[in-house]
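Participant: Residues -11 to 178 in the numbering used here are what the sequence shown lists, from first letter to last. Where a beta carbon is used, it is the ideal one built from N, C-alpha and C, also for glycine.
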Amino acid sequence: MLPDLKTPLLWVLGLALMAALATAGIERTRAAGARADLASEKADRSKENTAHALAALADLQRVVALMARHAKTQQENVNAFEKRLKALDDRRRTVVAERDRLRKQYNDFAARDRDQAAADPAACQRLADRSAVLAAMAARSRELLEGGRLLAEGRDNEVQLLLDTVRNDRRLLTPLPPAPANGVGGVSHP
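1) Could you tell me the distance, in whole angstroms, from the CA atom of lysine 60 to the CA atom of leucine 54?
2) Hey, aspartate 101 and arginine 114 are a contact pair by Cβ (cut 8 Å); roughly how many whole angstroms apart?
3) From tyrosine 94 to alanine 56, what does the alpha carbon distance come to, in whole angstroms?
4) Could you check what DSSP says for threonine 108 in three-state terms: helix, strand or coil?
5) With DSSP as the reference, label threonine 61 as helix, strand or coil.
6) Please check the pair arginine 118 and phenylalanine 97, which I expect to be a contact at CB under 8 Å, by giving their CB distance rounded to whole angstroms.
7) What three-state label does DSSP hand threonine 162 in the structure shown?
8) Output the distance between the C-alpha atoms of alanine 20 and glycine 13, rounded to the nearest integer angstrom.
9) For alanine 116, which residues of its own chain have a beta-carbon under 8 Å away from its beta-carbon, when the five flanking residues on both sides are left out?
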């Protein structure tokens, strides 16, 4: 009788089928592991992106708060400056009115004294005395004017110092250009 070839063949086919199923199971397990690794990496990247976004938001909030405080301070400075300008302008108008009043008063005195001096020697002496007083007042006025000029020049120097300080602050706050990625061709800044 002939040996039965079906049984070993069935065994071989069964083993081959089992090997194929085992290989498919291993591949599915590997694919599932790769998908799990990919999902884990996506979750980690998502957490990193969220952390970066939150840090950028916190930095933006800090910058906005600084800008708001700076704008408020600038507005207060401008308001105080305008208030001082108005006070100075009011004082200037007062000085101009006083100057005009004194000028008119001196012109009236001079006209009256000229009329009296023409007829009376004592009035002529009073005119000479008043002229000396007026000369002393004019000299004092000149001293005050020179002092005012020096004061104005000092203020101009202070303003120039402040302008230079602001220019310097602006240079400090200007962002630096990004450094080249490869480090060649530029100086890296901390």
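Facilitator: Reading off the structure:
1) Counting only the Cα atoms, leucine 54 lies some 10 Å from lysine 60.
2) 7 Å
3) 56 Å
4) Checking the displayed sequence, the identity of residue 108 turns out to be aspartate instead of threonine. DSSP places aspartate 108 in coil when its eight states are reduced to three.
5) helix
6) 7 Å
7) Reduced to three states, the DSSP call for threonine 162 is coil.
8) 10 Å
9) none
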